[in-house]
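Colleague:
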Amino acid sequence: MPGFDAVIGFLYQFGDAAAFLVLCASGLAIIFGMMGVINLAHGEFIMGGAYTTVTVAKLGVPLPLAVLCGALAAGAAGMVLERLVIRHLYGRPLDTIVATWGVSLIASQGTLILLGPSLSDISTPLGSVEIGALSYSVYRFVLMGVAAAILLGLYVLFNFTRFGVLARATIQVPHMAETLGVDTRLIYSLTFGIGAALAGATGGLYAPTMTLVPTMGVQFITEAFVTVVVGGGDVFLGTAPAGIVLGFIKSGMTTWEGQLAGQIGLLVAVILVIRVLPRGISGLMLRERA
Amino acid sequence: MAEDPLLTIAGLRAGYGGKPVLQGIDLAIPRGEITAVIGRNGVGKSTLIKAIIGLLPPSAGSIRFGGREIGALTAHARARLGLGYVPQGRDVFPRMSVEENLKVGMSIRGAPNPDYDAIYGYFPILRERRRQAAGTLSGGQQQQLAIGRVLVGGPSLVLLDEPSEGIQPSIVQDIARIGVDLNRRTGLTIVLVEQNIDMIRAMAQRCFVMDKGRVTAELTPAMLDDRDIVRRHLAV
Amino acid sequence: MDRRSPLRFLRRLEGPQTLGRGPGFWGIAALAVALAAAYPLLTDAYTVGNTIYFFDWVFMALGLCLIWGYGGALSFGQTAFFGLSGYAYGVVTLDFGADHGLTLVATLLAVAASALFAAVLGYFLFFGRIGGVFLGIVTLAVTLVFERFMAQTAGPEWHVGAARLNGFNGMSGMPPLTVPWPGDDLVLSPDVPLYYVTLALLVVTYLGLRLLVNSSFGNVIVAIRENPHRATMLGYDVRKYQLATFVIGSALAGLSGVLYTSWGQYITPSSMGLTAAALPIIWVAVGGRGDLTTTLVGTLLLLGAFQFLTIYGSQYALVAMGLLLVVTVLLTPDGLVTALFRLPRRLGRRRPRAADAVDPGREAA
Amino acid sequence: ADPIKLGVLEDQSGDFALATIGKVHGIQLATDEINAAGGIAGRKLDLVIYDTQSDNTRYQEFMRRVLQRDKVDAVFAGFSSASREAYRPIVDQLNGLAFYNNQYEGGVCDAHMIVTGAVPEQQFSTLIPWMMEKFGKKIYTIAADYNFGQISAEWVRNIVKQNGGEMVGEEFIPLGVSQFSSTIQNIQKAKPDILMTLLVGTAQSSYYEQANAANLHVPMGSSVNVGQAYEHKRFKPPSLANMYVTTNWIEEVDNPASKAFVARWHAKFPNEPYINQEAENSYLAVYLYKEMVERAKGSTKRDDLRAVIAKGDVCFDAPEGKVCIDPKSQHMSHTIYLAKVNDDHSISFPKVWPDVKPYWLGDSGCDLTKKNPNAQYTPSNPPPKS
Amino acid sequence: MALLETRGLNKRFGGLQVTSDVDLALEAGELHCLIGPNGAGKSTLFRLILGEFPPTSGAVFYDGQDVTRLQPHERIRRGISVKFQVPGIFASLSVAQNLEIALQHHLAGHGLRGEVRRLLGFLNLAGAAAEPAGNLSHGQKQWLEIGMAVSLKPKLLLLDEPTAGMSPEETRATGEMVRALNRDGVTVLAVEHDMAFVRQVATRVTVLHFGRIFAQGSIDAIVADERVAEIYLGRGHGERGAPQPAGGEAKRG
Ligand SMILES: Nc1ncnc2c1ncn2[C@@H]1O[C@H](COP(=O)(O)OP(=O)(O)OP(=O)(O)O)[C@@H](O)[C@H]1O
Ligand SMILES: Nc1ncnc2c1ncn2[C@@H]1O[C@H](COP(=O)(O)OP(=O)(O)OP(=O)(O)O)[C@@H](O)[C@H]1O
Ligand SMILES: NC(N)=O
Ligand SMILES: [Mg+2]
Ligand SMILES: [Mg+2]
């Protein structure tokens, strides 16, 4: 049944591409989409999460726990970075470009110096499954599920919890939140930490499938930024549909014309989507809702 | 009252980037009173309010609240002691709904069960627009939200910076009435920066006049009854 | 200066939009140019060639300063124009050679190509009301599309006339700038004559931009940066001003591309990649994006510092660069060179600038 | 006597550091050995080393610097072909001499360049016929989408055709791509007997683990993996199992000269994770340079050295075996080892081809003893026959 | 002939009808005030007149021409100018530069600098000329914005709450200035909640309520209108529309 194989094959690729985009973007959706910090060190948080996850997993810790360790490590690093550097830059988001670029240089080259040019990897768990004529990595289905779960979790966290309300208030008008009794420093620190932890989790989740090198962060950064920006102002109403739309275009173009077309197609789609929706996808959705 | 001021300011100096604005303010705000601060544009009224709530670090002087020195505290720490602040220019959280804006206000006292209904009772339009993004409210609606947002936290002192600005006359009356009512029922202390003589006269029991970063006069309740005296001081 | 003097427009060399005024500033500037002019006579061939190379990038930085620092539109894709012009120079010169001043024609064509492309792209962007980060991401996407496309043009089918695009390995073999000269053409390989040509171009560009930003045009573009809505309500067509700024800035990036390509006789897709795209932003931001002089000085300082660190920092070079960037941003909010500019005044005044602690008056950007 | 100065431009940081830090070490090891033994014609060797940070523009800056400021006698430079192309115009402009110590896509015909790495005709004309004989005639290529990958894929195509095989697929992957679900499906659908993987860079090497996880197991051939980025050491078995690579040397090569070389290396650089083929190429390049200078009676002038090369008998007994320079192309002959990656990622060598010559450039018209075109050619764009 | 005329202007935001069939005509030379409850749609009407967003239906005529499809800046160029409810200034540019940018349409060089100086004095901002405009107090920003609006030498001046945050004295001065402009031929449409100001300047008043024109007439007629008191002014409004002292005991309690 070649038709059936083709459909399943495409759905799998689509899910895989969308999950990658969403996971790349989820941490950045908070740090950039919400806090307005242009975090060029996002990739290094992912790298840090991946390194931690693999190191811990090699000690015999089960993978899910190891990923959690990766997330926590990246989250902690994020909170430290926030305290030392980012905190001083909230009034001037564009300067965060320079600072986080610097941080990214330090992190990747520091890792090279301390840990060498690469870290030996762990294998992908869960084996494979045959559907029709093709076989698929089961772990990839898990990634898709996790991506969906993370989006849902964030949506709930930021829209239906007290922390979420205070975080959004802090980010929108910080001095006003402060005068209403919100400990904005704590909120900033936690929010940044959550974003960094999500990046770490992404690194941990992809660690078993990728080569671990100090510069691996750059493989995520472009995708992360375009997904968040195409999503637009509202982090959660934006990132999910952006991941889906861009994932669809990328996997479609890849299937049709190969990886180059997928890559270029993704970027061209970004340009066109923003042109049609100058405030991103969530700009459209929010307008319709109002 | 005057023997036990809720807020005492002494020798307060503050400014922006080395440019002095407040040049040594001495002020006592009696507990349970409504005090107005008046003065021309740019004399430093908003600056004073910002220094009290903690948005502007003082370069000298002291601020005591309920007997405690708060000059070194962060703004949120001051808020949690019971200071509420309604800024000039409203500063609502634009991409959050009206209700979410109110929710943030609860942080002032960390009140677990905020009484939204009381606020909605004062400002019915807010109930109607509960789910609207605050940034799309009209100017006057935003002002009402800014006031409601502070009241929901149950502060013991409210700093109002030109609350009547942009508000329709009938609601200005309502706000004055609400202020006086809260003051009487709950002993809420209010510091009011205003240009609207009638609002001052309707609310304030005492009035300080500011000029060039200093308090230059104090109007007693009796003087407040005479609108020409007030008018003259506003015109300094 | 006489009000009717034909040179009265020169008064615009100073103004609220630029740091530095009065005889003190211009004296120092003249001294700097004089030193720069004497420099090749005092140093070795390597330093001359290397300094030209530094100069080559400054045009792109100045262009970005105009677009971003003055106009408020962060273009993350200036390297697209850099690359476009570089390749255009390569194609034209490889196809038509370097005789009869053709390299100069190629330079003009290449810069015009960038300007034209910027006009089309800018029309698409600004008339579509794309701004803020959206603009940054679209321009970044454009330069990455160029990079990825060019990277795979290795095959023989990718050529323009005799010029092979040559994929990721890059296009090489184009002639250096060549000036027709009685007797023998003057070939401007990276040496003293090219140094003077580049320096002169730089001085002219810098002064020209000063005139521009202090003109009423400059007033409007900074107004748009501050508050586009207000600028519209003063009757200015914001889109047209943004477009014009973008075209000028992008043409300067194109000029950088041509100079770089003819300098090293080489252009590669990676000069349009993510790292390359971020660098101009770093230079401009570190120097102080709000001003042409700080951008110019900052870019040169940073290029020099990075190279110095790479030479002497061994494996710690990148770490040191990173630290340098972080520390600079934290210590000098308005840019390193801007802070240096203010230093004399600050020392004179002996009054600390406000701890930018909380400024409720400022809208969160 | 004044020391002989050698410039070294290699990527000790950035993307390529993984494969190139060892190249610097190889040069340092050879230099130390030579200096300990009295230098070259009585002159010590002095290294001027710059980190090019995997950035083409750094090659341009530093190539000028070593030639003009440091006035080195020769330069050892470059990992990626792009970096080589970035500095090559400058070497030509300033009349320098550069050694490119890397396996690459071949075709550089430039009198200022000496190439010590292996080229496609050496690696593919050995590997592909051998694999087709063993596994079958249907070939699928995945290759990095740039010059190296495309030109290598062209070689594969040509050699497969010459040997009566069939290409069932060919896919080019942009550099930096790390997600391979679609590629893996395409390969599954095409059902090849042999998969040629010409993947470059750390991102692309994620392919192997992902293919393994999707249960795709086809015998693989490569000219670039294992020998450069030692994926078999870094990845958990069995993701690279059943891969066959032709390389002119890797750490596992099992002969006395090679073992002694590895031992000397680890004594000097105990923390080196792996010694790859480019490290050996760099090491032998220094000795080759010594040989040339000594035969030129101590002259380091490029023309004197090229006159020596033109004699056609400049050779050196490298760890891999004897290597010689081809005067027409200034490329090297090599011993080609067929390395097989076993299930546990150990290496065995089913076959060795001694003295494989870099014939293509010379045969197709590049002759540096007569003419210097300063160009890079490809099979579809060969040198003009004169 | 009407200088400005809106015909059946409707604007909805999602489910919310913000203006409904607004037909408002402004004669050339008129000084007209627009009042109405918070949220009535006054600012929205301004933005429709300026073309900041398209009306859901209806048209705007200016100077006899349909300008509904013109871009905002094109309308400004035809002689409309505006001061918004929330001050819009160029925050990091100096106060003088703010004015310069508005004035440079008409003036250059010496004349420009002279006019800037004159305006600074007039706006009471001479001391702050070199100060970044963002550092001004709220009231000073209002002044500056009025100054910019006037600098365009408009035929039609739209003022949205020009005296918000001003003291009674300043309010009166502003009223005088508006009247002076009007005497010089500028047509003015002002939104204000300050009845003293409205009384001081307006020849005609329109009341907007729920996006509809609710009442129109002289200030006396409007103030006397029971229905307007009901929805807008409140009972017993004073000069500035604020409450009368609510009985001695309330204040001194
Ligand atoms: N963020 C700031 N930076 C620098 N100077 C400022 C800043 N905010 C206000 N100022 C200056 O401080 C002085 C006092 O301003 P403030 O806002 O306290 O005045 P105000 O009395 O509240 O006036 P208004 O009635 O107009 O609101 C003014 O001269 C103003 O220019
Ligand atoms: N973008 C929008 N989305 C949804 N509702 C909006 C939007 N803009 C305005 N509104 C609503 O339209 C109504 C009219 O607003 P407008 O600002 O015109 O009132 P106004 O008459 O100027 O009031 P005020 O006197 O308080 O300034 C308000 O109820 C407001 O909430
Ligand atoms: N030469 C290579 N492998 O790029
Ligand atoms: Mg104020
Ligand atoms: Mg309004």
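Residue numbers (my numbering), protein chains in the order written: chain A, 19 to 308; chain B, 14 to 249; chain C, 233 to 597; chain D, 233 to 618; chain E, 38 to 290.
C-beta: ideal position from N, C-alpha, C; glycine also.
Sort 263(A), 290(A), 218(A), 247(A) by Cα distance to residue 317(A) and report the nearest one.
Modeller: Given that chain A is displayed from residue 19 to residue 308, the structure contains no residue 317(A) and the question cannot be resolved.
Colleague: In terms of residues, what are the limits of the beta strand (DSSP E) holding residue 478(D)?
Modeller: Unbroken beta strand (DSSP E) run through residue 478(D): 475-479.
Colleague: May I ask you to report which of helix, strand or coil DSSP gives residue 147(B)?
Modeller: Three-state result, residue 147(B): helix.
Colleague: Is residue 214(E) close to chain B, meaning its C-beta is less than 9 Å from at least one C-beta of that chain?
Modeller: Judged by the 9 Å Cβ criterion, residue 214(E) is not in contact with chain B.
Colleague: Please list, in chain order, the chain A residues whose beta carbon lies closer than 8 Å to that of residue 565(C).
Modeller: 110, 113, listed in chain order.
Colleague: How many angstroms separate the CA atom of residue 225(B) from the CA atom of residue 35(B)?
Modeller: Cα-Cα distance, rounded: 8 Å.
Colleague: Heavy atom of ligand 2 less than 8 Å from the Cβ of residue 74(E), yes or no?
Modeller: For ligand 2, at least one heavy atom lies less than 8 Å from the Cβ of residue 74(E).
Colleague: Of the residues 229(A), 22(A), 169(A), 214(A), which one's Cα is nearest the Cα of residue 229(D)?
Modeller: Absent from the structure is residue 229(D), since the part of chain D shown begins at 233 and ends at 618.
Colleague: The segment 458-491 of chain C: which residues have C-beta closer than 8 Å to a C-beta of chain E, in chain order?
Modeller: Cβ contacts with chain E come from 458, 459, 461, 462, 463, 464, 465, 466, 467, 468, 469, 470.
Colleague: If we cut at 9 Å on Cβ distances, does residue 63(A) have a partner in chain D?
Modeller: Cβ-Cβ to chain D under 9 Å: no for residue 63(A).
Colleague: Any residues in the segment 244-267 of chain C with a beta carbon nearer than 8 Å to a beta carbon of chain A? Which ones, in chain order?
Modeller: The segment 244-267 of chain C vs chain A, Cβ under 8 Å: nothing.
Colleague: With 16 other CB atoms within 10 Å as the buried threshold, where does residue 297(D) fall?
Modeller: Burial call: buried.
Colleague: Going by other Cβ atoms of all chains shown within 10 Å of its Cβ, with 16 needed for buried, is residue 102(E) buried or exposed?
Modeller: Exposed.
Colleague: Given a threshold of 16 other Cβ atoms within 10 Å of its Cβ, counted over all protein chains shown, does residue 274(E) qualify as buried or as exposed?
Modeller: Any reading at residue 274(E) is ruled out, since the residue's pLDDT is 48, under 50, leaving its predicted position unreliable.
Colleague: Any idea which residues DSSP pairs residue 453(D) with across the strands?
Modeller: Residue 453(D) pairs with 428(D), 476(D).
Colleague: I'd like to know if residue 236(E) contacts chain C, where contact means its C-beta is closer than 9 Å to some C-beta of that chain.
Modeller: No, residue 236(E) does not count as interfacial toward chain C.
Colleague: Curious, which full-length beta strand (DSSP E) runs of at least 3 residues does the segment 37-81 of chain B contain?
Modeller: Here the runs fully enclosed are 47-51, 73-78.
Colleague: With a cut-off of 9 Å, does the C-beta of residue 381(D) fall near any C-beta of chain A?
Modeller: For residue 381(D), the answer is no, since every Cβ of chain A falls outside 9 Å of its Cβ.
Colleague: May I ask you to verify whether the segment 72-87 of chain A touches the segment 270-289 of chain A, counting CB pairs closer than 8 Å and requiring at least 3?
Modeller: Touching, no, given that fewer than three Cβ pairs across the two stretches are closer than 8 Å.
Colleague: Are at least three pairs of beta-carbons, each pair with one atom in the segment 220-240 of chain E and one in the segment 67-86 of chain E, less than 8 Å apart?
Modeller: Verdict: yes, contact present.
Colleague: Which class does residue 259(A) belong to by DSSP, given the choice of helix, strand or coil?
Modeller: In the structure shown, residue 259(A) sits in a helix (DSSP, three-state: H, G or I).
Colleague: Helix, strand or coil, according to DSSP, for residue 26(B) in the structure here?
Modeller: The answer is strand: DSSP assigns residue 26(B) an E or B state.
Colleague: Identify whether residue 237(A) lies in helix, strand or coil by the three-state DSSP scheme.
Modeller: Here residue 237(A) sits in helix by DSSP.
Colleague: Just mark residue 38(E) as buried or exposed, buried being the case when its beta carbon has 16 or more other beta carbons within 10 Å.
Modeller: Exposed, because fewer than 16 other Cβ atoms sit within 10 Å of the Cβ of residue 38(E).
Colleague: Quick check on residue 221(B): does DSSP put it in helix, strand or coil?
Modeller: Three-state result, residue 221(B): strand.
Colleague: Quick one: which residues of the segment 256-282 of chain A get their C-beta closer than 9 Å to a C-beta of chain C? List them in chain order.
Modeller: From the segment 256-282 of chain A, only 278, 281, 282 have a Cβ closer than 9 Å to chain C.
Colleague: Cα separation between residue 201(A) and residue 189(A)?
Modeller: When rounded, the distance between both Cα atoms is 12 Å.
Colleague: Counting pairs of Cβ atoms below 8 Å between the segment 186-199 of chain E and the segment 220-238 of chain B, do you hit three or more?
Modeller: Not touching, per the Cβ criterion.
Colleague: Which one of 299(A), 298(A), 31(A) has the shortest CA to CA distance from residue 154(A)?
Modeller: The residue with the shortest Cα to Cα distance from residue 154(A) is 31(A).
Colleague: Is residue 164(E) near ligand 4, in the sense that its beta carbon is under 8 Å from a heavy atom of that ligand?
Modeller: Every heavy atom of ligand 4 is 8 Å or more from the Cβ of residue 164(E), so no.
Colleague: Cα separation between residue 444(C) and residue 433(C)?
Modeller: Roughly 16 Å separates the two Cα atoms.
Colleague: Can you check whether the C-beta of residue 380(C) is within less than 9 Å of a C-beta belonging to chain A?
Modeller: Yes - at least one Cβ of chain A is within 9 Å of the one on residue 380(C).
Colleague: In chain C, which residues lie with their C-beta within 9 Å of the C-beta of residue 377(D)?
Modeller: 380, 383, 384, 386, 399, 400, listed in chain order.
Colleague: Any idea what DSSP makes of residue 36(A), helix, strand or coil?
Modeller: In the structure shown, residue 36(A) sits in a helix (DSSP, three-state: H, G or I).
Colleague: Whose C-alpha, out of 90(B), 28(B), 54(B), is nearest the C-alpha of residue 73(B)?
Modeller: Cα-wise, what sits closest to residue 73(B) is 28(B).
Colleague: Determine, using beta carbons only, whether residue 613(D) comes closer than 9 Å to chain C.
Modeller: So, interface residue.
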